[in-house]
Each structure stands twice: as C-alpha cells, then as structure tokens.
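So the sequence shown is residues 69 to 213, counted in our numbering.
Glycine included, C-beta positions come from ideal geometry on N, C-alpha and C.
Here's the structure we're looking at; comments come further down.
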Amino acid sequence: MSYSEWHTYGYGICVSDITDESVERLQKLISLAPEYQKKIQEWLDESEISEPAYEDYLEFDQDYMLGLATILKEVILEAEDIDLVACDSHDGTDYLLYVPDYPWNMGKHRQLMTEEAVAGLFRKYVSILTDEAIEIDYQSVENGG
Numbered sequence: 069m070s071y072s073e074w075h076t077y078g079y080g081i082c083v084s085d086i087t088d089e090s091v092e093r094l095q096k097l098i099s100l101a102p103e104y105q106k107k108i109q110e111w112l113d114e115s116e117i118s119e120p121a122y123e124d125y126l127e128f129d130q131d132y133m134l135g136l137a138t139i140l141k142e143v144i145l146e147a148e149d150i151d152l153v154a155c156d157s158h159d160g161t162d163y164l165l166y167v168p169d170y171p172w173n174m175g176k177h178r179q180l181m182t183e184e185a186v187a188g189l190f191r192k193y194v195s196i197l198t199d200e201a202i203e204i205d206y207q208s209v210e211n212g213g
C-alpha cells in the first residue's frame, strides 16, 4: 500500500475561518439554490430531522465530508453557474477555490476573468454567512491518502 500526496492550487478562501454558526444565515444561503435546497430538505426528511441544527446541514455532504465548503460550492454553482473546488488539507481545514482549468473545459460553466471578479463572488456569498471579513488569497492546499 502506498501513500499519495496532492495539491490543489487556486484563489479562494479558507472556509474553516467562517466561525459564525447561524442556522438562519445558512438557510438564507441555501435558499439561493432551490434545487440544492430541495435535495437537502429531502435528506433532512428522510433522516427525520424536523428542526435542523447548523451541524445537520453540514452533514448533508456524506461523500467528502466538507460541510460548509460543499454547501457554498453547490449554491454558487446553481446560482451563478460557476464551478469552484471544495477541498481540505491534511489537518482537516476546509477550502473553497477558484482553480485554473484547461481551455477545453471553459465552455461548461461561466468563467470569471479577473481576480477582482472572483474576490467579489466570494465576498457576496460569505457575507450571507458572516459579518466578519474572510481573507481571499492564493491557496496551495496539500492533502493525501
């Protein structure tokens, strides 16, 4: 058995820096993506969760366990048609990144062409979750398995 290591490079945020845990604000974010909201609600109903807590929403991502990073990724994909990458580091810190892509993939989703546009996108959605400023910067996320 061998160990592989990988890096995800991009411009974005450390989602783990978002420390506010407001159910109301999270529900407001999710409401911007009606199809995703419907999937979450169906999962909550199947799980017999009638009054979901903040953590219940984060557990919806059963595949990668990236919680809020996945929620932000999916909401932005549905609302803006911009595909971001949710990932985590060795220590379990979650990130959401706008990553470089191959030119032949660029027709699949809307592309942002400036650093300012990407930063504006992150500020728009993070401000729904918290009043605190979150650093937006170039990231190199290292993980392995």
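Query raised in the report: Would you say P171 reaches chain C, if we count a Cβ-Cβ gap shorter than 8 angstroms as a contact?
Result: The structure shown contains no chain C, having only a single protein chain.
**Report entry** Strand pairing of N211, partner residues [DSSP]
**Finding:** W74
**Report entry** Backbone secondary structure at G80 - three-state DSSP
**Finding:** strand
Query raised in the report: If we count the other Cβ atoms within 10 Å of its Cβ and call it buried at 16 or more, is D199 buried or exposed?
Result: exposed
Query raised in the report: Where are the alpha helix (DSSP H) runs, 4 residues long or more, that stay fully inside the segment 148 to 208, in chain order?
Result: 183 to 197
Query - Residue span of the alpha helix (DSSP H) that contains D113, given as start and end - result: P102 to E114
Query - the segment 137 to 144 touching the segment 111 to 118, judged by at least three CB pairs closer than 8 angstroms - result: no
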